Amino acid sequence: MIISRTPYRLSLFGGGTDYYDWFETNPSKVITASMSKYSYITVRELSPHTNYNYLINYSIIEKTSDIDSIKHPSAREVIRQYGNNKKIQIFYDGDLPARSGIGSSSTFTVGLINAICKLNNITLNTKELASNAIDLERNILKESVGIQDQIAASFGGITEIKMGPGKFWSANHLYLSKNYMKELENHILLGYSNISRYANVQAKKKIKNIKNGKSKTYLSEISEIANLAYTIIKEEKNIETLGKMLDSAWQLKKKLAKGVTSDWIDTIYEKGFKSGAYGGKLMGAGGGGFFYFLAPPDSHEKIKKSISNVDLWVPFSFDLEGSKILNIG
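In terms of the numbering used here, the sequence shown is residues 6 to 334.
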């Protein structure tokens, strides 16, 4: 039995510039982080005596002997690519809800590749793990995805991702002092809008706007902010400045495609801002899911009280390990 633990993603700066359609001709940078909230995937070989070849347990339970009939797209293609013709059982559990802007789909893909490769004694380094997940989602499943989710899930920590020109990318951890990491953690207030959505819908709109040039100015400015934010974080400078930059980036992100935000989400943001937040953003492609503020720790309770219709606030800390095999038995 193999158990993988893979962290969800907290996007800091540069989100939206990690689509190939953008960075192939516009070299960009994303600052992303992983949080200590996880996707857990258990994989084991089924008994040869079962009358099916695949059992996949997530929000539904699938039992089948035909790989093509597996409904979960990522599970189907990971088994096809890495399953080595074995009879396999997969069980998924997550700390946070899916379709909520935390990169849960890519986290699942990374964790499942990691677990099944371990089951079959296939060795992948961290970059290979991320690259294989990106390839599977983009080129096999034909999904409209960027690349930061798979990288954050694989690498963990606070990571600088350099992208372009062409399909080039590299990822490097930002090694910060424990005091600054703790200060940054203490300033992050993570909440859930209670609205789930399919990221692919918003992502397709963003890619369309990239291709027709409608978002060029906004993405260029988002990229510039990411470069400045990288320097501020690396030099462990004032978090209030980071928060104000996060606010500027959010104002630009809202313009990338129709539906990124809504009146209800804007109201949440305005209340948080008026109650002491330096800045914040809706996570992921937009439309719903998790959001977070950078705010002084002593303002967190005031912000929560001002947004009384949000009842799920998640204590935040960084994950520093990335996708990890917890158990082999």
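Where a beta carbon is used, it is the ideal one built from N, C-alpha and C, also for glycine.
All values reported here derive from a predicted model rather than from experimental measurement.
{"query": "Alpha-carbon to alpha-carbon, Q155 and R202", "result": "With a pLDDT of only 49 at R202, under the threshold of 50, the placement of this residue in the model should not be trusted, and no figure is reported."}
{"query": "Integer-rounded CB distance, given that L134 should sit under 8 angstroms from S16", "result": "The Cβ separation is near 19 angstroms, so there is no contact."}
{"query": "Bridge partners - S175, DSSP secondary structure assignment", "result": "K167"}
{"query": "Terminal residues of the alpha helix (DSSP H) in which R10 lies", "result": "Element bounds for R10: not the alpha helix (DSSP H) but the beta strand (DSSP E), 7–18."}
{"query": "Touch test, the region 187–194 against the region 53–67, Cβ-Cβ under 8 angstroms, three pairs minimum", "result": "no"}
{"query": "Distance between I227 and I139 (C-alpha atoms, nearest Å)", "result": "23 angstroms"}
{"query": "Endpoints, beta strand (DSSP E) assigned at A38", "result": "33–50"}
{"query": "Selected residue, minimal CA-CA separation from P320, among Y297, L331, L233", "result": "Y297"}
{"query": "Assigned exposure category for H178 - 16 Cβ within 10 Å defines buried", "result": "exposed"}
{"query": "Reduced DSSP secondary structure (H/G/I, E/B, other) of L325", "result": "coil"}
{"query": "Between the CA atoms of E165 and L247 - distance to the nearest angstrom", "result": "16 angstroms"}
{"query": "Integer Cβ distance of I168 from S33, believed to fall under 8 angstroms", "result": "Note on identity: in this sequence residue 168 is Met, with Ile being the wrong assignment. 5 angstroms between Cβ atoms; contact."}
{"query": "Range of the contiguous beta strand (DSSP E) that encloses L189", "result": "It is not in any beta strand (DSSP E) - L189 instead sits in the alpha helix (DSSP H) that spans 183–192."}
{"query": "Beta-carbon separation (whole angstroms), G19 vs L261, contact threshold 8 angstroms", "result": "About 12 angstroms separates the two Cβ atoms, so there is no contact after all."}
{"query": "Three-state class that DSSP yields for K279 in the structure shown", "result": "helix"}
{"query": "Same chain, Cβ closer than 8 angstroms to K147, neighbours up to 5 away in sequence not counted", "result": "none"}
{"query": "Reduced DSSP secondary structure (H/G/I, E/B, other) of T69", "result": "strand"}
{"query": "Segment contact flag, the region 213–230 with the region 280–290, C-beta cutoff 8 angstroms, min 3 pairs", "result": "no"}
{"query": "Outcome for D324 when other beta-carbon atoms lying within 10 angstroms are tallied against a minimum of 16", "result": "buried"}
{"query": "Inter-stretch contact at 8 angstroms, needing at least 3 Cβ pairs: the region 98–114 / the region 37–53", "result": "yes"}
{"query": "Given T222 as reference, the closest of E245, A234, Q256 once Cα atoms are compared", "result": "Q256"}
{"query": "Where D26 falls: helix, strand or coil (DSSP)", "result": "helix"}
{"query": "Continuous beta strand (DSSP E) assignments of at least 3 residues falling wholly in the region 87–163", "result": "93–99"}
{"query": "Same chain, Cβ closer than 6 angstroms to S41, neighbours up to 5 away in sequence not counted", "result": "S322, D324"}
{"query": "Whether K287 touches I270 by CB criterion (8 angstroms)", "result": "Note that residue 287 is Leu in the sequence shown here, rather than Lys. Yes, the Cβ-Cβ distance between L287 and I270 is below 8 angstroms."}
{"query": "N90, buried or exposed, once every other Cβ within 10 Å from all chains shown has been counted against 16", "result": "exposed"}
{"query": "Of the listed residues P170, K187, V83, T11, nearest to I238 (C-alpha basis)", "result": "K187"}
{"query": "CA-to-CA distance, D26 to K209, given in whole angstroms", "result": "11 angstroms"}
{"query": "Local Cβ density within 10 Å of S109, reported as buried at 16 or more and exposed below that", "result": "buried"}
{"query": "Cβ-based burial, P302 [other Cβ within 10 Å; buried from 16]", "result": "exposed"}
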